[in-house]
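Structure record follows, encoded as structure tokens.
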Amino acid sequence: MVVDNKGIISYIRVLKNNLAIFKIKPESGSVPDFKAGQFTTLGLPVNSEGGKLVRRAYSIASPPEQKKYFELYIRWAEKPMPGRLTTELFERKQGDEIFWLKPTGPFGILDKGRDGSQDTRRIVMMGGGTGIAPFISFILHLKARQDKREIICLHGVSYVDELGYRELLTELEEESIDKGRDKWNFRYRASISRPDEHFNRSWGGHKGRVETFLNPNSSGKSPLEELVGEKITPENTMFYVCGFQGTVDAGLGHLTPAGFVEERKKRPDGSHDLRYESYG
Ligand SMILES: Cc1cc2nc3c(=O)[nH]c(=O)nc-3n(C[C@H](O)[C@H](O)[C@H](O)COP(=O)(O)OP(=O)(O)OC[C@H]3O[C@@H](n4cnc5c(N)ncnc54)[C@H](O)[C@@H]3O)c2cc1C
Ligand SMILES: NC(=O)c1ccc[n+]([C@@H]2O[C@H](COP(=O)([O-])OP(=O)(O)OC[C@H]3O[C@@H](n4cnc5c(N)ncnc54)[C@H](OP(=O)(O)O)[C@@H]3O)[C@@H](O)[C@H]2O)c1
-16 MVVDNKGIIS
-6 YIRVLKNNLA
4 IFKIKPESGS
14 VPDFKAGQFT
24 TLGLPVNSEG
34 GKLVRRAYSI
44 ASPPEQKKYF
54 ELYIRWAEKP
64 MPGRLTTELF
74 ERKQGDEIFW
84 LKPTGPFGIL
94 DKGRDGSQDT
104 RRIVMMGGGT
114 GIAPFISFIL
124 HLKARQDKRE
134 IICLHGVSYV
144 DELGYRELLT
154 ELEEESIDKG
164 RDKWNFRYRA
174 SISRPDEHFN
184 RSWGGHKGRV
194 ETFLNPNSSG
204 KSPLEELVGE
214 KITPENTMFY
224 VCGFQGTVDA
234 GLGHLTPAGF
244 VEERKKRPDG
254 SHDLRYESYG
């Protein structure tokens, strides 16, 4: 049975007209246990529909260790028609009530390797737009667990002001340099897919949609391979993708021919090298 829990919107950070970070606090008790990568479902009564409760799924960006609130990274689905839930949500203020469902969903970090032992492969996360949300939860959870695996976070957006977690991820990379990669091995690279737009004129980093980190250059290596200093293979890397279906398809298009096996088509022993969550 679906139970709509009451919550309070305790914080809103507006990044731009159609993009914001929300914190939702349970009205009573703490955030229930969940796994990094799962989503909650928000519910709001829609006035134009006679107060009918509309529900939508949102990846949780906060880690499972954060028991006070869920953090969510949400785009107002503005075009071609104002989206039903997000249009209501972007009208709300801090302190307003909202409903939420217990977190669920299959997306998450693979911990056990092919033979049941700890998976020690490098983790590469590739997020398009708000598809970075589950990876913020992954990263903060891996940090809290003092996980020693090499972690690479790639984030692609259209405009520089949509790199909502740039400061946090840059600080986490600096911490890795300061503490030593034997303690915390994290790197973050961002990409801007509309580099020629005037608003993006300050951008000096990687250009193109996030999947272009996998495109081989004239020397046959991709920017990702140049970053890690070796060929990316299923033996040395576990890959995660979240974003538009186009982002997922482009990731699969590069990785499947290289021998990466997705979770949904796992090998008879259950092993796989690629997980994804698509916007549908
Ligand atoms: C597992 C999962 C996790 C998700 N995580 C996130 C997240 O972290 N952040 C996030 O921002 N979103 C996330 N989403 C997407 C989210 O669930 C919603 O789909 C999204 O917010 C849009 O909801 P809405 O009710 O505002 O729009 P809807 O009313 O559902 O509309 C969806 C789209 O259809 C268009 N549309 C509506 N009616 C028409 C029409 N008559 N003709 C043409 N087009 C129309 C709208 O313009 C809009 O672009 C996630 C989805 C899933 C499945
Ligand atoms: N897990 C989920 O199901 C989930 C999660 C988050 C968001 N969503 C929904 O998806 C919608 C858009 O999300 P967003 O705001 O995160 O995206 P966005 O900011 O509009 O786009 C993010 C990046 O994806 C690229 N992109 C756009 N369309 C693409 C396509 N068809 N194939 C490959 N790449 C593409 C963009 O490139 P260009 O600059 O070239 O356009 C940009 O670099 C929202 O309505 C949101 O509600 C769903």
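Note that my numbering gives residue 23 to position 40 of the sequence shown, counting from 1, and the numbers run on in steps of one.
By construction, the Cβ of each residue, glycine as well, lies at the ideal position given by its N, Cα and C atoms.
Quick caveat, the model's predicted, so the values are computed rather than measured.
May I have the straight-line CA-CA distance separating tyrosine 148 from tyrosine 171, to the nearest angstrom? Reading the sequence shown from its first residue, position 165 is the one you call residue 148. Reading the sequence shown from its first residue, position 188 is the one you call residue 171. Their backbone Cα atoms lie some 10 Å apart in a straight line.
Between leucine 146 and valine 193, is the Cβ-Cβ spacing less than 8 Å? Counting from one through the sequence shown, the residue named residue 146 turns up at place 163. Counting from one through the sequence shown, the residue named residue 193 turns up at place 210. Going by C-beta atoms, leucine 146 is not nearer than 8 Å to valine 193.
According to DSSP, simplified to helix, strand and coil, what is glycine 110? The residue given as residue 110 occupies position 127 in the sequence shown. Of the three classes helix, strand and coil, the one that applies to glycine 110 here is strand, per DSSP.
Would you list, in sequence order, the uninterrupted alpha helix (DSSP H) runs of no fewer than 4 residues that lie entirely inside the stretch 147 to 207? 149 to 162
Could you give the C-beta distance for phenylalanine 5 and proline 47, rounded to a whole number, given that I count them as a contact under 8 Å? Translated into the one-based positions of the sequence shown, residue 5 becomes position 22. Translated into the one-based positions of the sequence shown, residue 47 becomes position 64. Their Cβ separation, rounded to whole angstroms, is 18 Å, which puts phenylalanine 5 and proline 47 out of contact at 8 Å.
Measure the C-alpha to C-alpha separation of glycine 91 and glutamate 208 and round it to an integer number of angstroms. Numbered from its first residue, the sequence shown carries residue 91 at position 108. Numbered from its first residue, the sequence shown carries residue 208 at position 225. If I take the Cα positions, the gap works out to 24 Å.
Quick check: does the Cβ of serine 45 come within less than 7 Å of any heavy atom belonging to ligand 2? For the purposes of this step, residue 45 is taken as the residue at position 62 of the sequence shown. No; taking the cut-off as 7 Å, the Cβ of serine 45 has no heavy atom of ligand 2 nearer than that.
Contact with chain D by aspartate -13, beta-carbon distance below 8 Å: The structure shown contains no chain D, having only a single protein chain.
Please report how far the alpha carbon of phenylalanine 182 lies from the alpha carbon of alanine 44, in whole angstroms. Working through the sequence shown from its first residue, we reach residue 182 at position 199. Working through the sequence shown from its first residue, we reach residue 44 at position 61. Going by the C-alpha atoms only, they are around 27 Å apart.
Excluding the 5 residues flanking serine 261 on each side, which residues of the same chain have their C-beta closer than 6 Å to its C-beta? Position 278 of the sequence shown, counted from the start, is the residue given in the question as residue 261. Here serine 261 has Gln228 and Val231 as same chain residues with Cβ atoms under 6 Å from its own Cβ, once five neighbours each way along the sequence are excluded.
Would glycine -10 and isoleucine 119 be called neighbours here (beta carbons separated by less than 8 Å)? Counted from its first residue, the sequence shown places residue -10 at position 7. Counted from its first residue, the sequence shown places residue 119 at position 136. Cβ distance not < 8 Å, so glycine -10 and isoleucine 119 don't count as in contact.
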